[in-house]
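Visitor: Residue numbers (the UniProt record's numbering): 1 to 407.
Note that the Cβ used here is the ideal one computed from N, Cα and C, for glycine as well.
Remember, predicted model here, so these are calculated numbers, not experimental data.
Just dropping this structure here.
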């Protein structure tokens, strides 16, 4: 199944039914009076989080969703039938955003959570509603109100306890295969994962956590290079980040340089996300001599000025992975216990989570705006170079500023 984590759709709630103008006409009953009924309310549109879905591919090709219109009112004071509500099922972890205002309508983070995204139109009134002692034969009705229409942007962020962060071929997919039942593609040649993978790590019979493997980052990912910028947002809801570093790169590049690239891209994408608890995991230790482990480890620590936990593992040989997974489980349990008993800590984490969400959304929106400008042939201010300025226009400071762009 194709993994889709961003879609744009249009929803239109049902219009309300019109009120009816009618008068009672029966044998032996003169001037029966008004008996026009009200129309029915239009159907509303809801979104519900479904734990059985893991992608937004259902909305990739069907982009318009209309709820049922309310029926018109009838004679003999019959009220029109209400339009049926429309329920759209989305994966857990979906954020619903108004595309016009960029307002976050809701965040579906729990299975079964329900969100109203478009309200149905109010019903029209029949002429029965307007009768009075001075107006015994009203010929007034009201039409139904139109249903709400919205352009929505759906963003899916996978829900995981632990997120893996690193360059392509750092061993993230091998690690998740080693510690869980997930089977992402791995091979003996360089390539990168194209979609996020989730794996459940069972530490004990009743203890487990979810780890997310996202596509590898490259230098410039925070500015849209490669696949990383599309999937960095998936790390926003993780509780712990594991920064995997290849101790023995195939291209014989510098491991400390590779580690520093990831840290720089993370900070550029979201400084708040860089403040998330992060552990350094040095992978592929079986590819270098054992006596070189400490020197290579210290070199990376010194370059990053690292003060947090450090683990040296070999994911393919499952060396050091048991200790790492048990420590992660212990960390998650301690974190949950502290959240329950320390209100100040809970408030601090909630504030950090909100900062991460805001920064990630602002970064993604800025990149979307840049793509839209490039498609329209207009350059943004940040993309204008010295060659785009005309020397003849420099002296003309009073006139309008015009930038010509050649297709």
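(1) Helix or strand or just coil, what does DSSP make of residue 30?
(2) Could you tell me the alpha carbon to alpha carbon distance between residue 13 and residue 88, rounded to whole angstroms?
(3) Can you give, in chain order, each stretch of the beta strand (DSSP E) that sits fully within the region 98–154 and has at least 3 residues?
(4) Taking the alpha-carbon positions, what's the residue 15 to residue 345 distance?
(5) Is the separation between the beta-carbon of residue 124 and that of residue 109 shorter than 8 Å?
(6) Starting from the C-beta of residue 191, find all residues in its chain whose C-beta is less than 7 Å away, skip the five residues before and the five after it, and write them out in chain order.
(7) Would DSSP call residue 343 helix, strand or coil?
(8) For residue 199, which option in 170, 162, 114 has the closest C-alpha, if you only look at C-alpha atoms?
(9) Beta carbon of residue 64, beta carbon of residue 150: below 8 Å?
(10) What does DSSP give as the partner residue(s) for residue 197 in the beta ladder?
(11) Since residue 238 and residue 156 are thought to touch, with beta carbons under 8 Å apart, how far apart are those beta carbons, to the nearest angstrom?
(12) Of the choices 41, 21, 60, 101, whose alpha-carbon is the least far from that of residue 74?
(13) Would you call the region 163–173 and the region 258–274 in contact, with 3 or more CB pairs under 8 Å?
(14) Under the three-state reduction of DSSP, which class applies to residue 247: helix, strand or coil?
(15) For residue 46 and residue 119, I'd like the C-alpha separation in whole angstroms.
(16) What runs of the beta strand (DSSP E), each 3 residues or longer, lie entirely inside the region 156–181?
(17) Run the CB neighbour count on residue 205, radius 10 Å, all protein chains shown included, and call it buried at 16 or more, exposed below.
(18) Could you tell me which residues DSSP puts in a beta bridge with residue 283?
(19) Ordered along the chain, which non-local residues of its own chain (more than five positions away) have a Cβ less than 6 Å from that of residue 40?
(20) Which residue's Cα is closest to the Cα of residue 214: 296, 243, 19, 104?
(21) Between which two residues does the beta strand (DSSP E) holding residue 315 run?
(22) Once the 5 residues before and after residue 303 are set aside, which same chain residues still bring their CB inside 7 Å of it?
(23) Can the beta-carbon of residue 59 be found less than 8 Å from the beta-carbon of residue 96?
(24) Within 10 Å of its beta-carbon, does residue 322 have 16 or more other beta-carbons around it, so buried, or fewer, so exposed?
(25) How close, in whole Å, do the beta carbons of residue 131 and residue 33 come, if the pair is a contact with beta carbons under 8 Å?
(26) Consider the C-beta atom of residue 289 and the heavy atoms of the ligand ATP; say whether any pair is separated by less than 7 Å.
(27) Classify residue 302 as helix, strand or coil using the three-state DSSP reduction.
(28) So for residue 13, helix, strand or coil by DSSP?
(29) Are residue 210 and residue 300 closer than 8 Å when you measure CB to CB?
(30) When DSSP labels each residue in this structure, what does residue 413 get in the three-state scheme?
(31) In terms of alpha-carbon separation, which member of 339, 111, 30 lies closest to residue 136?
(32) Using 8 Å as the threshold, is the C-beta distance between residue 35 and residue 76 below it?
(33) Nearest-angstrom Cα distance between residue 269 and residue 352?
Guide: Checking against the coordinates, here is how it stands:
(1) For the purposes of this step, residue 30 is taken as residue 30 along the chain shown, with counting starting at 1. Coil.
(2) Within the chain shown, numbered from 1, the residue matching residue 13 stands at position 13. Within the chain shown, numbered from 1, the residue matching residue 88 stands at position 88. Rounded to the nearest angstrom, the two C-alpha atoms are 12 Å apart.
(3) 104–108, 114–118
(4) Your numbering for residue 15 matches position 15 in the chain shown. Your numbering for residue 345 matches position 345 in the chain shown. Rounded to whole angstroms, residue 15 to residue 345 spans 47 Å at the Cα level.
(5) Start at 1 with the first residue of the chain shown, and residue 124 comes out as number 124. Start at 1 with the first residue of the chain shown, and residue 109 comes out as number 109. In terms of Cβ geometry, residue 124 and residue 109 do not form a close pair [threshold 8 Å].
(6) Residue 191 sits at position 191 when you count from the first residue of the chain shown. Summary for residue 191: the model assigns pLDDT 49, below 50, so the residue's position carries little reliability; its value from the coordinates is reported in the next sentence. The answer is none, since no qualifying residue turns up.
(7) Along the chain shown, read from residue 1 onward, the residue named residue 343 stands at position 343. If DSSP states are grouped into helix, strand and coil, residue 343 belongs with the helices.
(8) Numbered from 1 along the chain shown, position 199 holds the residue referred to as residue 199. For the residues 170, 162, 114, the minimum Cα distance to residue 199 belongs to 162.
(9) Counting from one through the chain shown, the residue named residue 64 turns up at place 64. Counting from one through the chain shown, the residue named residue 150 turns up at place 150. Using a Cβ distance threshold of 8 Å, residue 64 and residue 150 do not count as a contacting pair.
(10) Locating residue 197 in the chain shown gives position 197, counting from the first residue. Looking at the DSSP assignment, residue 197 forms a beta bridge with 213.
(11) Here the question's residue 238 lines up with position 238 in the chain shown. Here the question's residue 156 lines up with position 156 in the chain shown. So it is not a contact: roughly 14 Å between Cβ atoms.
(12) Working through the chain shown from its first residue, we reach residue 74 at position 74. It is 21.
(13) yes
(14) Reading the chain shown from its first residue, position 247 is the one you call residue 247. In the structure shown, residue 247 sits in coil (DSSP, three-state: anything other than H, G, I, E or B).
(15) The count along the chain shown starts at 1 and reaches residue 46 at position 46. The count along the chain shown starts at 1 and reaches residue 119 at position 119. Their backbone Cα atoms lie some 9 Å apart in a straight line.
(16) 162–165
(17) Taking the chain shown and counting its residues from 1, one reaches residue 205 at position 205. That one is exposed.
(18) By 1-based counting over the chain shown, the position of residue 283 is 283. Looking at the DSSP output, residue 283 bridges to 246.
(19) Numbered from 1 along the chain shown, position 40 holds the residue referred to as residue 40. Only 17, 70, 71, 80, 81, 82, 123 meet the Cβ criterion.
(20) Residue numbering aside, residue 214 sits at position 214 when the chain shown is read from its first letter. Cα-wise, what sits closest to residue 214 is 243.
(21) In the chain shown, the residue the question calls residue 315 occupies position 315. Premise fails: residue 315 is in no beta strand (DSSP E) and is neither H nor E.
(22) The count along the chain shown starts at 1 and reaches residue 303 at position 303. Within the same chain, residue 303 has close Cβ partners 256, 259, 260.
(23) One-based indexing of the chain shown puts residue 59 at position 59. One-based indexing of the chain shown puts residue 96 at position 96. Result no, Cβ atoms of residue 59 and residue 96 do not sit closer than 8 Å.
(24) If you number the chain shown from 1, residue 322 lands on position 322. Under this definition residue 322 is an exposed residue.
(25) If you number the chain shown from 1, residue 131 lands on position 131. If you number the chain shown from 1, residue 33 lands on position 33. Between residue 131 and residue 33 a beta carbon distance of about 7 Å is seen, short of the 8 Å cut, so the two are scored as contacting.
(26) For the structure depicted, the ligand ATP is absent and the ligand set is empty, with no information on it obtainable.
(27) Here residue 302 refers to the residue found at position 302 when the chain shown is read from its first residue. It is helical.
(28) As a first step, residue 13 must be located in the chain shown, where it is residue number 13. Coil.
(29) Reading the chain shown from its first residue, position 210 is the one you call residue 210. Reading the chain shown from its first residue, position 300 is the one you call residue 300. Going by C-beta atoms, residue 210 is not nearer than 8 Å to residue 300.
(30) The shown model of the chain, from 1 to 407, leaves out residue 413, and the question about it has no answer.
(31) The residue you call residue 136 lines up with position 136 of the chain shown. It is 30.
(32) Along the chain shown, read from residue 1 onward, the residue named residue 35 stands at position 35. Along the chain shown, read from residue 1 onward, the residue named residue 76 stands at position 76. In contact: residue 35 and residue 76 (Cβ atoms closer than 8 Å).
(33) Translated into the one-based positions of the chain shown, residue 269 becomes position 269. Translated into the one-based positions of the chain shown, residue 352 becomes position 352. Distance between the alpha carbons of residue 269 and residue 352 is about 15 Å.
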